[in-house]
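Shown next, in structure tokens, is the structure this report addresses.
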Amino acid sequence: MSDIQNLKQIASQVRRDIVRMVHAQNSGHPGGSLGCTDFLTALYFEIMEHDPEDFKMDGNDQDLFFLSNGHISPLWYSILARSGYFSISELSTFRKINSRLQGHPTTKEGLPGIRIASGSLGQGLSVACGAAITKKINNDSKLVYSLHGDGELQEGQIWEAALFATHHKIDNLIATVDYNGKQIDGPVEDVITLGNLKAKWESFGWETLEMNGNDMNDVVKTLGQAKTYTGKGKPVIILMKTEMGMGVDYMMGTHKWHGVAPNDEQLELALDQLEESLGDY
Amino acid sequence: MKKHEYKEKKDTRSGFGDGLYELGKKNKNVVALCADLTGSLKMNQFADEFPERFIQCGIAEANMIGVAAGLTVGGKIPFAGTFANFATGRVYDQIRQSVAYSEKNVKICASHAGITLGEDGATHQIMEDIGLMKMLPGMVVINPCDYNQTKAATIAVANYTGPVYLRFGRPKVPNFTPEHQNFEIGKAVILNEGTDVTILATGHLVWKAIEAGEILEQKGIFSEIINIHTIKPLDEEAVLSSVAKTKAVVTAEEHLLNGGLGDSVAQLLGRKLPTPIEMVAVNDKFGESGKPEELLTKYGIDTDDIVSAVDLVLKRK
């Protein structure tokens, strides 16, 4: 089986995890989680150099990932469990009382793989910049990755960080924007338009790439390309086109599944479309 | 009353700057961040000597707090400095999520706190910051009283792992605590032993409390004066044992009544040792432009106000 085929199989299982987790507690954010599944699968299973079995908060000599749009936590939890940070059986505790799998990611409960709390939007790019500076000071050649929602770019702090990263030549950082064009209240362009996003990031001095975040070939290829742009004095950002709800037909093409859980019948409909490739938790 | 003397007046922000420079020399993990106020916070020496560990953030405080949180991930100890107003209220959610909730080892260094910032007026004179910061679970809140103590506190917080809010100020005030002191987080310092009333003061009001104690002594009132440099965690044992003896307490601080030291002390005494209490603090007001000393007088947080508060509380004993 090719690497791409393998990644696609993992992604299918992760999507099953997402809809099952959100259904089980009748709470959570399936739309963006499903849209970013291919990206995070490629990142954790193909691109990043990391050690799931021996998680350390400092992450020295490892690539780091920060999830800034913390509401797509079911995706991240599934990816972390499936890559070995903790047992997949723990996925059944998502959003339940006494769980390490909080509604939004937190370090408080000591869940391996998580290095900062997120959920209140707009903060992760700054955090990623800080972690990237520490790597430079420590002469640690590994990279820092981050993921952000497109609606999240309406937060002013993102643009503070955008200026900062260029000024300080943070060239060991690859940020990605989930450019699905949707947020809770509707299409991003109806809520607060982002205008020409590529031109904005380029004008802020970022090496700006684009990719189709739901085409595994393109994701792997573009992430690999992004790595070749690191170490050249500029921060790197990937504008990643995705489809919210990708993989579950009735969740696609709408913002309505941003933060709504499927009922029993809808869960079955979703699972029928997603191959159980690695075994459900 | 025990004599407290000083050779010169110095600003507490210089204590911070000098402490930070000392730290820079001996602890390679200490990094400093500033939001375009390097000179005001006396961080120049650190910035000049350790440019690779000084991070200019520009006028973008929210980003500065996030960057500081990120720097801790690989083991750095960031000291993020700006004016108290911009270090707290402006970035409350960044501190809440990325620092306090995430339990990051960030030191938030807040200068020009309180009304003694002076002429710039109320936009810059935050008197809510202690309250904002002490409300955050796990946040340590420190407000040293003079240059020497601020320097010692700055050095001490680097050895403590966890988020700290370090509050200091702009004006030159009597530098009376020992040059070489062991600053212990959460350990109150008894400046004078007395029997009639306990005066608990923090920050710039500590020296005012000493002045008040001398006036009170002339009237035959013997004050126990305690420097509460750490508002959280509060030294409950020191407060309770003193109040058990004096049976009357006055608190003094350059902060609002709501959320300040007095509020913490009242909460403690209400639960464990109900005692008459008066609070010298600003009651539900913003400040205004003026000289620091004029403002302390006008806003009712000066030496005479402590004396009056003691007179009042003694009548309730």
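Protein chains in written order, with numbering that gives the first Met the number 0: chain A, 0 to 280; chain B, 0 to 316. Even for Gly, the Cβ is constructed at its ideal location relative to N, Cα and C.
Bridge partners of residue i, per DSSP?
i, result
"aspartate 10(B)", "Lys171(B)"
"glutamate 45(A)", "Glutamate 45(A) is not bridged to any residue."
"phenylalanine 64(A)", "Tyr144(A)"
"alanine 79(B)", "Leu32(B) and Ile107(B)"
"glycine 258(A)", "According to DSSP, which records beta bridges pairwise, glycine 258(A) is partnered with nothing at all."
"aspartate 177(A)", "Gly148(A) and Met239(A)"
"glutamine 122(A)", "Looking at the DSSP assignment, glutamine 122(A) forms no beta bridge with any residue, so it has no partner."
"methionine 278(B)", "Thr250(B)"
"proline 186(A)", "Lys181(A)"
"leucine 172(A)", "Val143(A)"
"leucine 255(B)", "Val281(B)"
Whose Cβ in chain A lies nearer than 7 Å to the Cβ of residue i?
i, result
"cysteine 56(B)", "Phe163"
"aspartate 365(B)", "Examination of residue 365(B) is not possible in this model, given that chain B is present from 0 through 316 alone."
"valine 163(B)", "Those do not exist, as valine 163(B) stays about 17 Å from chain A at its closest Cβ, beyond 7 Å."
"alanine 68(B)", "Ile115, Val126 and Gly129"
"glutamine 62(B)", "Note on identity: in this sequence residue 62(B) is asparagine, with glutamine being the wrong assignment. Those within 7 Å of asparagine 62(B) in chain A are Ser125, Gln156, Glu159, Ala160 and Phe163."
"alanine 31(B)", "By Cβ distance, chain A contributes nothing, its closest Cβ being about 12 Å from alanine 31(B), past 7 Å."
"alanine 265(B)", "The contacting residues do not exist; alanine 265(B) stays about 30 Å from chain A at best."
Run down chain B in chain order and give the residues with a C-beta less than 8 Å from the C-beta of residue i.
i, result
"leucine 63(A)", "Val72"
"alanine 116(A)", "Gln96, Ser97, Tyr100 and Ser101"
"glycine 58(A)", "Val72 and Gly73"
"aspartate 50(A)", "Those do not exist, as aspartate 50(A) stays about 15 Å from chain B at its closest Cβ, beyond 8 Å."
"lysine 7(A)", "Within chain B, no residue comes near lysine 7(A); the closest Cβ sits about 32 Å away, beyond 8 Å."
"glycine 236(A)", "Checking the displayed sequence, the identity of residue 236(A) turns out to be isoleucine instead of glycine. Going along chain B, no residue has its Cβ under 8 Å from isoleucine 236(A), so there is no contact; the nearest lies around 16 Å."
"isoleucine 87(A)", "Within 8 Å Cβ-Cβ: nothing; isoleucine 87(A) doesn't reach chain B, min ~25 Å."
"threonine 40(A)", "By Cβ distance, chain B contributes nothing, its closest Cβ being about 24 Å from threonine 40(A), past 8 Å."
Please list the partners that residue i has in chain B, where partner means a Cβ-to-Cβ separation under 7 Å.
i, result
"threonine 229(A)", "Here the premise fails: no neighbours, minimum Cβ distance about 17 Å."
"threonine 221(A)", "Ordered by position in chain B, no residue passes the 7 Å Cβ test against threonine 221(A), which lies about 24 Å from the chain."
Which residues in chain A sit within 8 Å of residue i, going by Cβ to Cβ distance?
i, result
"arginine 52(B)", "Ile136"
"glycine 65(B)", "Gln122, Gly123, Leu124, Ser125, Val126, Cys128, Gly129, Gln156 and Ala160"
"alanine 46(B)", "Per Cβ cutoff of 8 Å: no residues; alanine 46(B) is ~14 Å from chain A at best."
Can you pull the chain B residues whose beta carbon is under 9 Å from the beta carbon of residue i, in chain order?
i, result
"valine 176(A)", "Ordered by position in chain B, no residue passes the 9 Å Cβ test against valine 176(A), which lies about 17 Å from the chain."
"isoleucine 71(A)", "Simply none; closest approach about 16 Å."
Is the beta carbon of residue i within less than 6 Å of some heavy atom of the ligand ADP?
i, result
"lysine 244(B)", "The ligand ADP is absent from the structure shown, which contains no ligand whatsoever."
Report the neighbours of residue i on chain A: residues whose CB is nearer than 9 Å to its CB, in chain order.
i, result
"alanine 109(B)", "The premise fails here: alanine 109(B) is roughly 19 Å from chain A at the closest Cβ pair, so nothing lies under 9 Å."
If we require 4 or more residues per run, which alpha helix (DSSP H) segments fall completely within the stretch 219-249 of chain B? Look at the stretch 219-249 of chain B and you find these whole runs of alpha helix (DSSP H), each 4 residues long or longer: 235-245.
Given 8 Å as the limit, is there contact between the stretch 211-218 of chain B and the stretch 303-310 of chain B, that is, 3 or more CB pairs closer than that? These segments touch.
When the Cβ atoms of the stretch 88-106 of chain A are set against those of the stretch 32-42 of chain B, are three or more pairs found closer than 8 Å? They do not touch, by the three-pair rule.
At a CB distance below 9 Å, what residues from the stretch 129-158 of chain B approach chain A? Give them in sequence order. Going along the stretch 129-158 of chain B in chain order, one finds no residue with a Cβ nearer than 9 Å to chain A.
Touch check for the stretch 79-88 of chain A and the stretch 129-145 of chain A: three-plus C-beta pairs under 8 Å? Between the stretch 79-88 of chain A and the stretch 129-145 of chain A there are fewer than three inter-stretch CB-CB distances shorter than 8 Å, so the stretches are not counted as touching.
At a CB distance below 8 Å, what residues from the stretch 95-108 of chain A approach chain B? Give them in sequence order. For the stretch 95-108 of chain A, which is checked against every Cβ of chain B, the residues closer than 8 Å are Thr105, Thr106 and Lys107.
Complete runs of the alpha helix (DSSP H) confined to the stretch 189-224 of chain A [at least 4 residues]: The qualifying runs are 196-202.
In chain order, which continuous runs of the alpha helix (DSSP H) of length 4 or greater are located wholly inside the stretch 134-214 of chain B? Complete alpha helix (DSSP H) runs here, min 4: 146-157.
Report yes or no: do the stretch 277-291 of chain B and the stretch 240-253 of chain B share at least 3 C-beta pairs separated by less than 8 Å? Result yes; three or more Cβ-Cβ pairs closer than 8 Å.
Examine the Cβ distances between the stretch 55-75 of chain A and the stretch 65-75 of chain B and report whether three or more of them are shorter than 8 Å. Short answer: they touch.
For the stretch 136-156 of chain A, enumerate the residues whose C-beta is nearer than 8 Å to any C-beta of chain B, in chain order. For the stretch 136-156 of chain A, which is checked against every Cβ of chain B, the residues closer than 8 Å are Ile136, Asn137, Asp139, Gly155 and Gln156.
At least 3 beta-carbon pairs within less than 8 Å: the stretch 7-15 of chain B vs the stretch 267-276 of chain A: Between the stretch 7-15 of chain B and the stretch 267-276 of chain A there are fewer than three C-beta pairs closer than 8 Å, too few to call the two in contact.
Does the stretch 143-155 of chain B come into contact with the stretch 175-182 of chain B, if we say contact requires no fewer than three beta-carbon pairs (one atom in each stretch) closer than 8 Å? As far as the Cβ criterion goes, the stretch 143-155 of chain B touches the stretch 175-182 of chain B, which means the pair count is three or higher.
Any alpha helix (DSSP H) of 4 or more consecutive residues that is wholly inside the stretch 44-95 of chain B: Counting only unbroken stretches of 4 or more residues, the alpha helix (DSSP H) elements lying wholly within the stretch 44-95 of chain B are 60-72 and 83-86, in sequence order.
Could you tell me whether the stretch 122-134 of chain B touches the stretch 76-96 of chain B, where touching means 3 or more Cβ pairs closer than 8 Å? As far as the Cβ criterion goes, the stretch 122-134 of chain B touches the stretch 76-96 of chain B, which means the pair count is three or higher.
Counting beta carbon pairs with one atom in the stretch 98-116 of chain B and one in the stretch 254-266 of chain A, are three or more of them shorter than 8 Å? The answer is no - the stretch 98-116 of chain B does not touch the stretch 254-266 of chain A, with fewer than three Cβ pairs under 8 Å.
Would you call the stretch 3-16 of chain A in contact with the stretch 41-56 of chain A, where contact means no fewer than 3 C-beta pairs closer than 8 Å? Because the criterion of three Cβ pairs below 8 Å is met, the stretch 3-16 of chain A and the stretch 41-56 of chain A touch.
List, from N- to C-terminal side, the alpha helix (DSSP H) runs of 4 residues or more that fit wholly inside the stretch 68-92 of chain A. The stretch 68-92 of chain A contains, as complete alpha helix (DSSP H) runs of 4+ residues, the segments 72-81 (chain order).
Quick test of the definition: if touching needs 3 or more C-beta pairs under 8 Å, does the stretch 257-265 of chain B touch the stretch 130-140 of chain B? Verdict: yes, contact present.
Give the residues from the stretch 173-198 of chain A that approach chain B closer than 8 Å (Cβ to any Cβ), ordered along the chain. Listed by position, the residues of the stretch 173-198 of chain A near chain B (Cβ gap below 8 Å) amount to none.
Mind the definition here: the stretch 149-159 of chain B touches the stretch 193-205 of chain B only if three or more C-beta pairs lie below 8 Å; say whether that holds. No: the two stretches stay apart, fewer than three of their Cβ pairs being nearer than 8 Å.
Which parts of the stretch 3-47 of chain A are runs of the beta strand (DSSP E), unbroken and 3 residues or longer, counting only runs that do not cross its ends? Qualifying beta strand (DSSP E) stretches: none in this window.
Return the residues of the stretch 196-228 of chain B that lie within a Cβ-Cβ distance of less than 8 Å from chain A, sorted by chain order. For the stretch 196-228 of chain B, which is checked against every Cβ of chain A, not one residue is closer than 8 Å.
Should the stretch 166-173 of chain A be called in touch with the stretch 89-107 of chain B, which here means at least 3 C-beta pairs below 8 Å? Pairwise C-beta distances place the stretch 166-173 of chain A out of contact with the stretch 89-107 of chain B, as fewer than three of them are shorter than 8 Å.
Between the stretch 261-288 of chain B and chain A, which residues of the former have CB atoms less than 7 Å from a CB of the latter, in chain order? Residues: none.
Using Cβ-Cβ distances below 8 Å, what residues of the stretch 78-89 of chain B are close to chain A? From the stretch 78-89 of chain B, no residue has a Cβ closer than 8 Å to chain A.
Do the stretch 139-148 of chain A and the stretch 39-54 of chain B meet, that is, are 3 or more Cβ pairs less than 8 Å apart? Contact annotation: the stretch 139-148 of chain A does not touch the stretch 39-54 of chain B, with fewer than three C-beta pairs closer than 8 Å.
Pairs of beta-carbons, one from the stretch 158-169 of chain A and one from the stretch 54-67 of chain B, closer than 8 Å: are there three or more? Remark: three or more beta-carbon pairs, one from each stretch, lie closer than 8 Å, so the stretch 158-169 of chain A and the stretch 54-67 of chain B are flagged as touching.
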